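Novice: Quick one: this structure, given as structure tokens, is what I'll be asking you about.
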Amino acid sequence: MTTDDDMFGGFGGRYVPETLMAALTELAEVWDHVRADPGFLAELRRHQRDFVGRPTPLYPAERLTDHHGGATIHLKREDLCHTGAHKLNNALGQVVLALRMGKRRIIAETGAGQHGVATATVCARFGLACVVYMGAEDMRRQAVNVGRMRMLGAEVRGVEAGTATLKDATSEAIRDWVTNVADTHYIIGSAVGPAPYPRMVRDLQRVIGDEARDQYLAAEGRLPDAVLASVGGGSNAIGMFTAFVPDAWVDLVGVEAAGKGLASGRHAAGAAAGTPGVLHGSRSLILQDTGGRVLPTHSVAAGLDYPGVGPEHAMLAEQGRAVYTAVEDRRALDAFRRCTALEGIIPALETAHALAYAGDLAERLGPGGRILVCFSGRGDKDLHTVAEQGRIDEEADVAEREPVANASGGAR
2 MTTDDDMFGG FGGRYVPETL MAALTELAEV WDHVRADPGF LAELRRHQRD
52 FVGRPTPLYP AERLTDHHGG ATIHLKREDL CHTGAHKLNN ALGQVVLALR
102 MGKRRIIAET GAGQHGVATA TVCARFGLAC VVYMGAEDMR RQAVNVGRMR
152 MLGAEVRGVE AGTATLKDAT SEAIRDWVTN VADTHYIIGS AVGPAPYPRM
202 VRDLQRVIGD EARDQYLAAE GRLPDAVLAS VGGGSNAIGM FTAFVPDAWV
252 DLVGVEAAGK GLASGRHAAG AAAGTPGVLH GSRSLILQDT GGRVLPTHSV
302 AAGLDYPGVG PEHAMLAEQG RAVYTAVEDR RALDAFRRCT ALEGIIPALE
352 TAHALAYAGD LAERLGPGGR ILVCFSGRGD KDLHTVAEQG RIDEEADVAE
402 REPVANASGG AR
């Protein structure tokens, strides 16, 4: 049984084995209670401040703005969260919740490794057993994060099935939960899965958008024209978008992975190119063939390499409140290098997809336009992948090295 809060138009719901229904019902009831409990919220805010490092800054990307010669670009710096990505917001909240439920064993799935690292980190902080499922291909691409998880005390279980990526890791985590549901809490890393996970993850991630909206108004005296975020399952995006959904004049843009190009079939653009279907316990937009079989995906960014999106994104797309587009691998790699060279900030490859589209949009909007990007994570973990693509040793474009003039015409 699901409530209206668990449905997003015709999307969402709870499509799981019967053995999980009682656990999901209990989880929904506990979440509905604690999200309005001043004691729980005060404890969460204390950990967000002292352990995560919130609030994260709003950063004016002056050299990127000058490079594109158009709209101003601001970055919401979730890469400055402890562990280097927005994922800790969700993992922390769910572990505090699990402790209230008496669950001492935690399982998770991960693609880029950032959710796995965040989960392993909070389990170390609170002394909980932790198992992380990860596709073998993603373990190869994100070896640094695998090492981090193991040093934090987590058991990382490699998944060889299917494409050995996030979809397959998620399937294995669900199988574990079915077997061990009595003493185990499953921390889903994105705004996907059966109810109540999509709205629970959204509630825990909306701190991003709430902070960013207040910070942008304080800095600029108005709201941005467009808010951008990368979308795999879509947790950083829904966290960012939620604060701006009522502001109908603010464009919301989700940027997915076009991989080798949408026409090639080697991509992971679930919202832009998917159709309604059921995946990992909820109904959403997914990549599938005419027989309902989930299609293999591709992205240079492991965290975007997922064949669907969260059900709330599917609803926003259907309503037209948010637009979902896609950026190819090569353009994300260009944006990765550009941001590193111009701002001195190494973005996650996931974030680089949003940055690539931000550059295009800045040039279209022109001077006077204003863009806010959720900078979802840092890119240290991606240096191996970028090197494999032959992009580490390239010299930066000379034009990208031009100093930025300050208000008095000098150089900073």
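Counting from 1, position 211 in the sequence shown corresponds to residue 212 in this note's numbering; the numbering is continuous, with no gaps. The beta carbon of each residue, even a glycine, is placed where N, CA and C say it ideally should be. All values reported here derive from a predicted model rather than from experimental measurement.
(1) Residues bridged to Y217 by DSSP?
(2) Assuming contact is defined by CB atoms lying nearer than 7 Å, are P61 and R78 in contact in what I supplied?
(3) Among Q390, G292, P297 and G311, whose alpha-carbon lies nearest the alpha-carbon of R332?
(4) To the nearest angstrom, how far is it from the Cα of A274 to the Cα of L263?
(5) Distance, Cα to Cα, F376 vs S236?
(6) What does the alpha-carbon distance come out to for the pair A412 and P348?
(7) Hey, out of V295, A323 and S191, whose CA is closest to G311's CA?
(8) Let me know if W250 comes out buried or exposed under the rule of 16 or more other beta-carbons within 10 Å of its beta-carbon.
(9) Going along the chain, which unbroken runs of the alpha helix (DSSP H) with 4 or more residues stay wholly within the stretch 208–280?
(10) Beta-carbon separation of A165 and G210 under 7 Å?
(11) Decide if the stretch 109–118 is in contact with the stretch 130–148; the criterion is three or more beta carbon pairs, one per stretch, under 8 Å apart.
(12) Who are the Cβ neighbours of V147 in its own chain at under 6 Å, not counting the five residues just before and after it?
(13) Output the distance between the C-alpha atoms of V405 and T66, rounded to the nearest integer angstrom.
(14) What's the gap between the Cα of P308 and the Cα of T243?
(15) Counting only the same chain and skipping the five closest in sequence on each side, list residues whose C-beta sits under 7 Å from that of R105.
(16) What does the Cβ neighbour count give for Y43, buried or exposed, with the cut at 16 atoms within 10 Å?
(17) Tell me the start and end of each unbroken beta strand (DSSP E) in the stretch 95–125 that is at least 3 residues and wholly inside, in chain order.
(18) Do you know how far the Cα of R338 is from the Cα of L90?
(19) Would N407 be called buried (16 or more neighbouring beta carbons within 10 Å of its own) or exposed?
(20) Would you grab the beta carbon distance between I107 and W178 for me? Rounded to a whole angstrom, and I think it's under 8 Å.
(21) Kindly indicate the opening and closing residues of the beta strand (DSSP E) around S417.
(22) Assign G70 to buried or exposed, taking buried as 16 or more other Cβ atoms, counted over all protein chains shown, within 10 Å of its Cβ.
(23) Straight-line CA distance for L229 to G260?
(24) Hey, is the stretch 12–29 in contact with the stretch 270–286, meaning 3+ C-beta pairs nearer than 8 Å?
(25) If the criterion is Cβ atoms closer than 7 Å, does the pair L25 and G112 meet it?
(26) What does the alpha-carbon distance come out to for the pair S231 and V328?
(27) How many angstroms separate the CA atom of I188 from the CA atom of P195?
(28) Enumerate in chain order the residues of its own chain whose CB-to-CB distance from F12 is below 6 Å, with the five nearest sequence positions on each side excluded.
(29) My guess is that V295 and L350 are in contact by the Cβ rule of under 8 Å, so how many angstroms apart are they, rounded?
(30) I'd like the list of long-range same chain contacts for L100, defined as Cβ closer than 7 Å, with 5 residues on each side in sequence excluded.
(31) Do V123 and V145 have their beta-carbon atoms positioned less than 7 Å apart in this structure?
(32) Near H48, which residues of its chain fall below 8 Å by C-beta distance, leaving aside the five closest residues on each side in sequence?
(33) Grab me the residues of A170's own chain with a C-beta within less than 8 Å of its C-beta, minus the 5 sequence neighbours each way, in chain order.
(34) As an exercise, report each continuous beta strand (DSSP E) stretch of at least 3 residues that is fully enclosed by the stretch 30–99, in chain order.
Specialist: Per the coordinate set shown:
(1) Paired residue(s): none; Y217 is not in a bridge.
(2) no
(3) Q390
(4) 8 Å
(5) 13 Å
(6) Because the pLDDT of A412 is 33, which lies under 50, any placement of that residue in the model is unreliable, and the question is left without a value.
(7) S191
(8) exposed
(9) 208–221, 236–242 and 271–274
(10) no
(11) yes
(12) M140 and V157
(13) With a pLDDT of 42 at V405, under the threshold of 50, the predicted position of this residue should be treated as unreliable, and no value is reported.
(14) 23 Å
(15) L129, A130 and D184
(16) Position check: residue 43 holds Ala in this sequence, whereas Tyr was assumed. Exposed: under 16 other Cβ atoms inside 10 Å.
(17) 106–111
(18) Going by the sequence as given, residue 90 is Asn instead of Leu. For N90 and R338, the distance between alpha carbons rounds to 27 Å.
(19) Unreliable placement is indicated for N407, whose pLDDT of 38 sits below 50; no coordinate value is reported for it.
(20) Going by Cβ atoms, the distance from I107 to W178 rounds to 11 Å, so no, they are not a contact pair.
(21) The requested residue 417 is not part of the displayed model; the chain covers only 2 to 413.
(22) exposed
(23) 19 Å
(24) yes
(25) no
(26) 10 Å
(27) 12 Å
(28) R284, S285, P312, A315 and M316
(29) So it is not a contact: roughly 23 Å between Cβ atoms.
(30) F127
(31) no
(32) L93 and V97
(33) E110, T111, G112, Y134, M135, G136, D139 and V160
(34) 59–61 and 73–78
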